[in-house]
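Undergrad:
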Amino acid sequence: MVDRQALAERLAQTVEDTSGRRPGILRADVDALCADAGLNPDFLLKPGEVAQLFRVDPRTVTRWASQGRMQGITTPGGHRRFQARVVVRLMLRLGEDPTVAVRLVAQFVRAIT
Numbered sequence: 002m003v004d005r006q007a008l009a010e011r012l013a014q015t016v017e018d019t020s021g022r023r024p025g026i027l028r029a030d031v032d033a034l035c036a037d038a039g040l041n042p043d044f045l046l047k048p049g050e051v052a053q054l055f056r057v058d059p060r061t062v063t064r065w066a067s068q069g070r071m072q073g074i075t076t077p078g079g080h081r082r083f084q085a086r087v088v089v090r091l092m093l094r095l096g097e098d099p100t101v102a103v104r105l106v107a108q109f110v111r112a113i114t
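The sequence shown runs 2 to 114 under the numbering used here.
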């Protein structure tokens, strides 16, 4: 069991480095939160599904991927997919509470599977 509060506090820290940006969000921290919520961090979401979570157009999600705001996977057929951990990390970078971000993605994944 993960110490949710300590992990959430560490993720939510606003300590800035010399470049003025927030420190990176560690993959291990996001994976631990996902595991605690029963979410497979490797679960793949389509751009339209990510768009539903963020309430934007699917083309916006594709543009975010092209701009490097979120890392996607391209299937052999040329379609984009996004790991659940990547979606959670983007939510965290946008200021969402860590436990809320993971819970939202986990509930969405359960609803579509």
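Every residue, glycine too, gets a C-beta built ideally from N, C-alpha and C.
These figures come from a predicted structure and were not determined experimentally.
Mapping the DSSP letters down to three states, classify F109 as helix, strand or coil.
TA: The sequence position of residue 109 within the sequence shown is 108, counting from 1. Correct three-state label for F109: helix.
Undergrad: Closest by CA to T75, which one among D30, L46, V103?
TA: As a working mapping, residue 75 is identified with position 74 in the sequence shown. Per the Cα distances, L46.
Undergrad: Count the other CB atoms within 10 Å of the CB of P42; is the residue buried (16 or more) or exposed (fewer)?
TA: The residue labelled residue 42 in the question sits at position 41 within the sequence shown. Buried is the call here.
Undergrad: At the level of alpha carbons, what is the spacing between F55 and R64?
TA: Translated into the one-based positions of the sequence shown, residue 55 becomes position 54. Translated into the one-based positions of the sequence shown, residue 64 becomes position 63. C-alpha separation (whole angstroms): 14 Å.
Undergrad: If you draw a straight line from the alpha carbon of V103 to that of S67, how long is it in whole angstroms?
TA: Looking up residue 103 in the sequence shown gives position 102. Looking up residue 67 in the sequence shown gives position 66. Cα-Cα distance, rounded: 24 Å.
Undergrad: Using a 10 Å radius around the Cβ and a threshold of 16 neighbouring Cβ atoms, would you call Q108 buried or exposed?
TA: As a working note, residue 108 is residue 107 in the sequence shown. Per the 10 Å Cβ criterion, exposed.
Undergrad: What residue ranges within the region 70-107 form continuous beta strand (DSSP E) runs of no fewer than 3 residues, ordered along the chain?
TA: 81-84
Undergrad: How would you label A29, buried or exposed, when you count the other beta carbons within 10 angstroms and need 16 or more for buried?
TA: Against the sequence shown, residue 29 aligns to sequence position 28. So A29 counts as exposed.
Undergrad: Taking DSSP as the reference, what is the three-state secondary structure of L45?
TA: Here residue 45 corresponds to residue number 44 of the sequence shown, with the count starting at 1. If DSSP states are grouped into helix, strand and coil, L45 belongs with the strands.
Undergrad: Are the Cβ atoms of P48 and P59 separated by less than 8 Å?
TA: Locating residue 48 in the sequence shown gives position 47, counting from the first residue. Locating residue 59 in the sequence shown gives position 58, counting from the first residue. Cβ atoms of P48 and P59: closer than 8 Å.
Undergrad: In angstroms with no decimal places, state the Cα-to-Cα distance between A38 and L105.
TA: Numbered from 1 along the sequence shown, position 37 holds the residue referred to as residue 38. Numbered from 1 along the sequence shown, position 104 holds the residue referred to as residue 105. So the alpha carbons of these two residues sit roughly 10 Å apart.
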